[in-house]
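Participant: Below is a structure I'd like to ask you about.
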Amino acid sequence: MQQRLTGLGRSRDCSAVDVATVARRARTENFPVASLLFPRRLRPHLRAVYGFARLVDILGDEVEGDRLAALDELERELDACYSGRPEWPVMRVLQPTIREFDLPREPFARLIEANRMDQRISEYETWADLRFYCVHSADPVGRLVLGLLRRADDAGLVAASDEVCTGLQLVNFLQDVPRDLELGRIYMPAEDRRLFDVERLDVPGPQLRALLEFEAARARGLLASGQDLQERIGGRVGRAVSLFARGGLAALEALEHADWDVFTQRPRPSRVRLALAAVR
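In this text, residue positions in the sequence shown follow the working numbering: the first is 558, and each later residue adds one.
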């Protein structure tokens, strides 16, 4: 199946999205800094899981043509990881990780389903509706990380991880309002937009600012569970896991410093700021 991925420089089929492409995407986020605090033996496996998550997003957001068909093909590659030999480079890297840590298929499948939802749903009516989307788009990544730590059976850790992952997803929604609008998507619940009398997200003003501040407060409350993760896991790994939440909080600070202007720039913390958070 031939598809063209915009922003990747040339035409290629989906199977040619390589590990280097995924790694380049990672440099714009707080994942690389956080992963350096994990034991060296775990880092390749973290990159493998993260690579899958980024690949799903690339296929769901950037393929020109039938994105649902591209996601179906990815799901077949996922099945091959469990009962065969995958062909795509990112999936060939992922298969040994799945086998070594006995990672379940379900979280990977949920990430694919989230991107299918993106093809069908352009906006969400309530916070509960959006939270259900995050159960598919965000929470599985945290559960897979817990799987790498062999802690996925700890219900308390899973609950805290879900909170942090959803909080991080909300931060991304705040940072990416213009990009999401270009994709024809709105991730600010309609009930919240009505509450603050926001008819259009592309019109800056006091109403939009109040809405963004409201959603940021919700994200902060969820990210507070990062401290619980750190205490429950403990040690250097606990600090590493909590750094994901710290990165989200730093992104919210960057939004505040930018006076909630998400249209002239994409406010985000610098890598130096993330590194300082890691040192602390």
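C-beta: ideal position from N, C-alpha, C; glycine also. Computed from a prediction, not measured in an experiment: that's the story for all the values here.
Which whole-angstrom value is the C-beta distance of D696 and D719, which I expect to be below 8 Å?
Facilitator: Contact flag correct, Cβ pair sits at about 4 Å.
Participant: By the three-class DSSP mapping on this structure, what secondary structure does E519 have?
Facilitator: Any question about residue 519 goes unanswered here, given that the chain covers just 558 to 837.
Participant: CB-CB under 7 Å to L738, same chain, minus the five flanking residues each way: which ones, in chain order?
Facilitator: L758 and D759
Participant: Hey, which unbroken runs of the alpha helix (DSSP H) at 4 residues or more fall wholly within the region 635–669?
Facilitator: List check, alpha helix (DSSP H) in window: 646–658.
Participant: Where does F730 land, buried or exposed, given buried means 16+ other C-beta within 10 angstroms?
Facilitator: buried
Participant: My output table needs one value for E720: the three-state DSSP class, helix, strand or coil.
Facilitator: helix
Participant: Please work out which residues of its chain come closer than 7 Å, Cβ to Cβ, to R649, disregarding the five sequence neighbours upstream and downstream, and give them in chain order.
Facilitator: P643
Participant: Note down the Cα distance separating L752 from E772, rounded to an integer number of angstroms.
Facilitator: 12 Å
Participant: Which residues bound the alpha helix (DSSP H) around L816?
Facilitator: In the sequence under discussion, the amino acid at residue 816 is Asp, which differs from the Leu named in the question. Per DSSP, D816 belongs to no alpha helix (DSSP H) and is neither H nor E.
Participant: Would you kindly check if the distance between the Cβ of R796 and the Cβ of L594 is under 9 Å?
Facilitator: yes
Participant: Where does E621 fall in DSSP's three states?
Facilitator: strand
Participant: State whether the region 686–706 contacts the region 657–667, with contact taken as three or more CB pairs (one from each stretch) at a distance under 8 Å.
Facilitator: yes
Participant: Should R677 go down as buried or exposed, given a rule of 16 or more other Cβ atoms within 10 Å for buried?
Facilitator: Its Cβ having fewer than 16 others within 10 Å, R677 is exposed.
Participant: Can you check which of these residues, E634, D629, G622 and L603, is closest to E657 by C-alpha distance?
Facilitator: Out of E634, D629, G622 and L603, L603 has the C-alpha closest to the C-alpha of E657.
Participant: For G778, tell me which candidate among A605, A717 and R766 has the shortest Cα-Cα distance.
Facilitator: Comparing alpha-carbon positions, the option among A605, A717 and R766 lying closest to G778 turns out to be A717.
Participant: Express the C-alpha separation of A671 and E680 in angstroms, rounding to a whole number.
Facilitator: 13 Å
Participant: Along the chain, where does the alpha helix (DSSP H) that runs through G704 open and close?
Facilitator: D696 to L705
Participant: Given a threshold of 16 other Cβ atoms within 10 Å of its Cβ, counted over all protein chains shown, does P601 qualify as buried or as exposed?
Facilitator: exposed
Participant: What's the C-alpha gap between R803 and Q726?
Facilitator: Between R803 and Q726, the C-alpha separation is close to 14 Å.
Participant: Using 9 Å as the threshold, is the C-beta distance between G805 and G713 below it?
Facilitator: no
Participant: Rounded to whole angstroms, how far is the Cβ of G699 from the Cβ of C722, which I believe are closer than 8 Å?
Facilitator: 4 Å
Participant: Determine the DSSP secondary structure at F595, reduced to helix, strand or coil.
Facilitator: When secondary structure is reduced to three states using DSSP, F595 falls in the coil class, being assigned neither helix nor strand.
Participant: At what residues does the alpha helix (DSSP H) containing E739 begin and finish?
Facilitator: V734 to E739
Participant: Output the distance between the C-alpha atoms of I790 and W684, rounded to the nearest integer angstrom.
Facilitator: 30 Å
Participant: In the DSSP assignment, find the alpha helix (DSSP H) that holds D785 and state where it starts and stops.
Facilitator: S782 to I790
Participant: Taking E810 as the reference, give the member of M674, F820 and E770 with the closest Cα.
Facilitator: E770
Participant: What do you reckon, are the CB atoms on H613 and L631 nearer than 9 Å?
Facilitator: Looking at the sequence provided, one finds Val at residue 613 rather than His. Yes; because the gap between Cβ atoms is below 9 Å, this pair is in contact.
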